[in-house]
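Those letters in the sequence shown? Residues 0 to 357, by numbering that gives the first Met the number 0.
Read through the structure below, which is laid out as structure tokens, and then see the notes.
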Amino acid sequence: MFVDEVEIRVTAGGGGNGCVSFRREKYVPRGGPNGGDGGDGGSVYVVATEHLNTLVNYRFHPEYHARRGAHGEGSNRTGHSARDIDLDVPVGTVVYELAPATGETRPLADLTEAGSRVLVAAGGHGGRGNAQFATSTNRAPRRAEPGQPGEARHLRLQLRLLADVGLVGFPNAGKSTLISRISAARPKIADYPFTTLTPHLGVVTLDAERSFVVADVPGLIEGAHSGHGLGQQFLKHVERTKVLVHVVDVSEASGRDPVEDFETVRREIGLFDPALLERRQLVAANKIDVLADRSRVERLAEHVESSGIPLFPMSAVTGEGVRALLEAMWQRISAARESERRAPRSALPDAPGHTVAE
Ligand SMILES: Nc1nc2c(ncn2[C@@H]2O[C@H](COP(=O)(O)OP(=O)(O)OP(=O)(O)O)[C@@H](O)[C@H]2O)c(=O)[nH]1
Ligand SMILES: [Mg+2]
């Protein structure tokens, strides 16, 4: 099951208490204080790993507690510190602190690299034992500290896939067919809308030096931004892409007008997040193998090229035109990588998901 958003509660362990104790030995009438310190409580961390691609585990286990530190003991024995807990999440997970009362969120970390690790709840320090309080004027202190409590937090974890290219378009346009042709990804393909229910990633390898990741997201329809169909909830997965490819079914079989299809999808994307429309975009005019009336492509080409978006006629089934599309994707990706090197994007996404435009 693909789950890309969960809420969990994490509680770090408290520190162990410091101990009050005095040496008691035969022939040593007044032994000094020897109460040891408490051990530190366990902390909770969130760690990105390449071995996961969903947050589904957290749907079923939303609570995590690290253990408390052991109390200090006599004979200057320090209590054991408790072990930290690492919560593994897929690379691309954004961690937010959630204020349950108000529903407000604050970003804590964006884990875009395998191995990135963020502290989400710090364990409490152990208290000092009475041995630490001895002074020249107070040689038998009866004082020790309690352990500090561990931090507790509500978190929202949101996975945003890391892909260079996002395939967007109407249901049935051929997005999954295209990703199956250009990568090893094998999402289900069928002649009905909403075949793809969750996003899929595929790695495209052009040659030894050039490869990139493509995301196939579920189809969008009119009203997707306000919850129609499936698409909108998955648009967060194209937020990180550098290039959007509009897959448009230009054949007569769609029963629709390709220009209108393109405009509908573009509108939905803009309503979800206007910044997405500033991405580099391409149009894949798909299913030309079954196209009778070439003017359908020509009209679409004129329409999109007037707003500076190039169009590539192709067939995901026969492979015609696919190579040219891939080269164009690569060109835009490398241009985007280059401009990011010069001006890196801000570190943290500000809000989980997006408020729907009125
Ligand atoms: N003739 C022809 N059929 C195609 C082409 N590309 C896709 N199809 C067919 O169109 C139908 C839908 O293809 P999918 O790849 O499942 O479409 P999708 O865009 O992933 O659809 P959703 O997952 O529902 O959003 C399938 O029957 C495909 O075989 C093409 O280039 N030519
Ligand atoms: Mg599909």
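Using N, Cα and C, we set each Cβ at its ideal position, and we do this for glycine too.
For residue i, three-class secondary structure by DSSP
| i | result |
| --- | --- |
| E238 | coil |
| T317 | coil |
| T104 | strand |
| R180 | helix |
| Y95 | strand |
| T263 | helix |
| Q147 | coil |
| V355 | Below a pLDDT of 50, predicted positions are generally treated as unreliable, and V355, at 39, falls in that range; no measurement from the model is reported. |
| L154 | strand |
| V212 | strand |
| E6 | strand |
| R341 | helix |
| N285 | strand |
| G12 | coil |
| P28 | coil |
C-beta contact flag for residue i and residue j at 8 Å
| i | j | result |
| --- | --- | --- |
| H245 | V264 | yes |
| A315 | R116 | no |
| H79 | T10 | no |
| A214 | L234 | no |
| V88 | V55 | no |
| G125 | G34 | no |
| L310 | A300 | yes |
| G122 | G40 | yes |
| L158 | T92 | yes |
| A283 | M313 | yes |
| G12 | R67 | yes |
| G173 | N285 | yes |
| D206 | I332 | no |
| L86 | V43 | yes |
Closer than 7 Å: residue i CB and nearest ligand 1 heavy atom
| i | result |
| --- | --- |
| V45 | no |
| T176 | yes |
| V316 | yes |
| G168 | yes |
| G254 | no |
| G114 | no |
| A172 | yes |
| V237 | no |
| G218 | yes |
| K286 | yes |
| V289 | yes |
| A189 | yes |
| V2 | no |
| V119 | no |
Contact test: residue i Cβ vs ligand 2 heavy atom, cutoff 7 Å
| i | result |
| --- | --- |
| P61 | no |
| P192 | no |
| D215 | yes |
| T195 | yes |
| P186 | yes |
Buried versus exposed call for residue i [16 or more other C-beta atoms within 10 Å across all chains shown]
| i | result |
| --- | --- |
| M0 | exposed |
| H236 | buried |
| P32 | buried |
| E357 | Its pLDDT being 33, under 50, E357 is placed unreliably in this model, and the value from its coordinates should be taken loosely. With fewer than 16 other Cβ atoms within 10 Å, it is exposed. |
| D190 | exposed |
| R105 | exposed |
| Y57 | buried |
| G218 | buried |
| R340 | exposed |
| T354 | Interpretation of T354 is limited by its pLDDT of 39, a score under 50 that renders its predicted location unreliable; the figure taken from the coordinates is listed afterwards. So T354 ends up on the exposed side. |
| G318 | exposed |
| Y95 | buried |
| I7 | buried |
| T101 | exposed |
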